[in-house]
Amino acid sequence: MRNPTEVEQQLLRTQQEIMDCPHLAVDQSVTGDLSETFEQPPALFSYLPDLQGVVLDKDLCRNSPRISEIGNRWRTDESSGVPELHGEFRITDLFTAVLQHPPELSWSGSSEEERELFAQWRVIDDTPVAATGQLAAIRIQPHVQPLEIWYYDMDLNRAEGWDRQYVRLNLTYTEYVQQLALTKGVFGWQYLFTDEVSLEGPDFDDVRNQLTTMLNVFPGLFPAWDYTPLARRLEERL
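Numbering of the sequence shown is given in the working numbering, commencing with residue 574 and proceeding in unit increments.
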């Protein structure tokens, strides 16, 4: 078996840390196999109509995790004395994700613009065990580099002054995976990386509490990671 890339090492490391942490209870965990790395997309991609003009550059190919699946649904153990936290992530091989159908998010009230947007999405991370209605997607859009990353939260349109369930993230695909490894998939961590919505106000109490608790607890649970940049980012978002 080949040696894992740096991004894969980060995911495998965070997976093992979750499993080994005595303060966390794991409801489900899966770690798949590493597959071949590519300097460019497989030849098949050049024949697919949906991928014509889509830029999957060498750095993206080289730095995306080539692992069949890695996922974890976890929560803090009630008996540990650690404040309540929940999280989940599921990452699959990027090329496999790109070949999947778009998520079925459109409904009768969706605008044509939304239908076109959702049709370009391919899911890169979601929460299948907790079934919280959250996912992250890469936007398969021709002649755009880097490809956009979007976050969908089925409850977001309940926030005052916001009528959509999605926001664009200020992250590349590789950056998304790196931040996921750092946050362990704490629910709502993606809101740290968008300027489209504010975390102030009662509608974001749960998200704000989760992120604040994460940044108070994780430096002690996972001292090998640096949470200072995330703490600064949360302060800027409040």
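We treat Cβ as the ideally placed atom computed from N, Cα and C, and that holds for glycine.
Cβ shell of residue i (< 6 Å), same chain only, five flanking positions each side left out
i           : result
residue 679 : 688 and 691
residue 781 : 772
residue 806 : 765
residue 700 : 661 and 707
residue 610 : 639
residue 724 : 709, 740, 742 and 763
For residue j and residue i, believed in contact at Cβ under 8 Å, the rounded distance
i           : j           : result
residue 759 : residue 783 : 6 Å
residue 572 : residue 763 : With the chain covering 574 to 811 only, the question about residue 572 has no answer from this structure.
residue 591 : residue 580 : About 17 Å; that fails the 8 Å criterion.
residue 604 : residue 588 : 6 Å
residue 709 : residue 722 : 6 Å
DSSP beta-bridge partners of residue i
i           : result
residue 664 : 643 and 698
residue 801 : BP columns for residue 801 are empty, so no partner.
residue 683 : The partner list for residue 683 (beta bridge, DSSP) is empty, contrary to what the question assumes.
residue 709 : 698 and 724
residue 759 : 660
residue 715 : 627
Neighbourhood of residue i by C-beta distance below 8 Å, restricted to the same chain and skipping five residues each side
i           : result
residue 664 : 584, 638, 640, 642, 643, 644, 697, 698, 750 and 753
residue 713 : 623, 624, 627, 671, 693, 694, 695 and 720
residue 648 : 597, 598, 600, 657, 658, 659 and 660
residue 733 : 774 and 776
Residue i classed as buried or exposed, judged by whether at least 16 other C-beta atoms fall within 10 angstroms
i           : result
residue 656 : exposed
residue 774 : exposed
residue 726 : buried
residue 801 : exposed
residue 631 : exposed
residue 770 : buried
residue 731 : exposed
residue 615 : exposed
residue 682 : exposed
residue 739 : buried
residue 621 : exposed
residue 636 : buried
Test: residue i CB closer than 8 Å to a CB of chain C
i           : result
residue 810 : In the displayed structure, chain C is absent; only one protein chain is listed.
Close Cβ partners of residue i (< 7 Å) along its chain, the five nearest in sequence each way excluded
i           : result
residue 594 : 794
residue 761 : 780, 783 and 784
Item to check | Ranges of the beta strand (DSSP E) found wholly within the stretch 719-744, counting only runs of at least 3 | outcome: 722-726 and 739-742
Item to check | Residue ranges of each alpha helix (DSSP H) within the stretch 590-663, 4 or longer | outcome: 631-636
Checklist entry - What are the start and end residues of each continuous beta strand (DSSP E) run of 3 or more residues lying completely inside the stretch 759-789, in chain order? => result none
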